[in-house]
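Single-structure report; data block below.
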Amino acid sequence: VMEAGIDRGSFGTYTAADWLEVRVRWPDQVVEYVHEGSLMHSSAVGLASGTIGVHAALANQSRVYDSTFVGEPDSALSTDPGVSLHSMPCASLTDLALHKFANASSSLADTHHGPDKPVDTAQETYWRTATGVRSGWWAVDLGAVYHLERVRVVWQARAANFSVEISDNGTAWSVEAAVTNNMFNLSHLPVHSLARHLKISMGAAAGSLLGIVQVQVFGCAVEGCEATSGKYGHDGARICSVCPPGSYDIRPGSLMFNSGGVAGSSQSCVPCPAWSYSAGVGNQQCVSCGISKQHRFGRECSSCPRSKFSASPGAATVSHTDGCTTCPESSYNTGQGNFGCTDCPVTPTLQILGSHDSSSRQLTVDKFGPECSSCPPDTRDTAPGGATRGRGCARCELYTFSPGWRNKECHNCTVTDGVYGPECSSCPPNT
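Under the numbering used here, the first residue of the sequence shown is numbered -8, with each subsequent residue one higher.
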């Protein structure tokens, strides 16, 4: 097909390395051709007959050439299309998806049709949607940001309409290619982007369900900016990342420079999400916040003071207390960076009560610990807790008392031989 109608002119002969993409643009549609070895696959729709004539060029060049459509196109198509050979930043292509983590919107409930099957090496297994499901998505995390060149999909049960989407973070997606009225069980789609995540969104199955035997994502590492021990450093004289602590770099090498040629900032720095952090400059990814045996976060994730806890720990909140939540009533904590709060302890305590003579009496009373209460004698604590300590001290009512500090409740005054104890009355004789 590529030989028919070629006008080599002053250009050299095209030498195929691994593949060639030819994009033919008509006013109302884009037609894609991919050459893979001896296979010419077309995702074109609407061509009645004929071949594409292309001026020859090297695969690593990016130029637009005049071309000739040999044959009779549909009446809706112009006979004067343009053909573009897309430049490839990768010297060689690698299947970046092989054995990487994949997930899907649904799967058959067995061990042979999970979302991991399209990225293994077994041709007899494949991913399928759950029974009766005719739409959904399949996605793969490549583990880092790469130059992506193309995607190859081998369908077991093809989608009639589908799109290839990419993302840096697995949350915000952009569509790179879309296919409607798909009639092929083998799909090649160009990507030409930097990304870490790739998703195939399938709007409708051609049959009763969807299935994928294999997905290959071809591309290469971002040249010159390799991470060492989780950090991007220098590539010779080039600085690969200046992303500050508390962030990670999704596209190392994309620096902004001031008028003096000094690296100032990067357009690719992403703040660490909640429950994670990064230390130093130029991080490849963020690290999960750890919790100590004392149920506390480290200083890199939380600075919440005593009697507060981190509801959303991480680098985004560590420098301020906006993410700190006050311990609720009847709970407390100590120190900084706590994961949560602990219920205030109540301890039965034996109290020795005096008398108006030499005898003594005993009473067991419930007391809060000093971390939750500071209420004095003859009061009870109605609002114990680390954040409310000392605020809920209520005086005991008539005919009641409480011995010592930090009492949970007041007790009825006792009468012995018509006499109140000294904890309730100090009236002299004849009164």
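Think of the CB as a built atom: it goes at the ideal place given N, C-alpha and C, for glycine as much as any other residue.
Being a predicted model, the structure only gives us computed values, none of them experimental.
The three-state secondary structure of residue 339, taken from DSSP, is strand. The three-state reading of DSSP puts residue 106 in coil, since its state is none of H, G, I, E or B. The criterion of a C-beta distance shorter than 7 Å is satisfied by residue 327 and residue 296. Counted as a single uninterrupted DSSP element, the beta strand (DSSP E) harbouring residue 262 occupies residues 260 to 262. Scanning its chain for C-beta atoms nearer than 7 Å, with the 5 sequence neighbours on each side dropped, one finds around residue 380 the residues 363, 364 and 365, in chain order. Distance from the CA of residue 140 to the CA of residue 283, rounded to the nearest whole angstrom, comes to 44 Å. Linking residue 195 to residue 124 through their CA atoms gives a straight-line distance of about 9 Å. Counting other Cβ atoms within 10 Å of its Cβ, residue 120 reaches 16 or more and is therefore classed as buried.
The continuous beta strand (DSSP E) containing residue 156 extends over residues 150 to 158. Taking the Cβ atoms as the reference, residue 240 lies roughly 12 Å from residue 263, outside the contact range of under 8 Å. Per DSSP, the beta-bridge partners of residue 129 are 95 and 191.
Taking a C-beta distance under 7 Å as the contact criterion, residue 279 and residue 267 qualify as a contact pair. In this model, residue 166 and residue 86 are separated by some 20 Å (Cα to Cα). With contacts defined by Cβ atoms closer than 7 Å, residue 136 and residue 242 form a contacting pair.
An exposed status is given to residue 341, since fewer than 16 other beta-carbon atoms sit within 10 Å of its beta-carbon. Inter-segment contact for the segment 87 to 97 and the segment 166 to 184 is absent: fewer than three beta-carbon pairs are separated by less than 8 Å. Scanning the segment 284 to 357 for uninterrupted alpha helix (DSSP H) segments of 4 residues or longer gives nothing; none is fully contained. Residue pairing from DSSP places residue 146 in a beta bridge opposite 203. Bridge pairing for residue 404: absent [DSSP]. In the DSSP assignment, the residues bridged to residue 185 are 138. Cβ-Cβ separation between residue 99 and residue 148: approximately 11 Å, too far for a contact (criterion under 8 Å). Secondary structure of residue 173 (DSSP, three-state): coil. Selection 81, 324, 409 and 154 evaluated against residue 209 yields 81 as nearest (Cα-Cα). According to the DSSP assignment, residue 418 belongs to no beta strand (DSSP E), since it is labelled neither H nor E. Shown here, residue 282 sits in a strand according to DSSP, grouped into three states.
In the three-state scheme derived from DSSP, where H, G and I count as helix and E and B as strand, residue 369 is classed as coil. Counted as a single uninterrupted DSSP element, the beta strand (DSSP E) harbouring residue 385 occupies residues 384 to 386.
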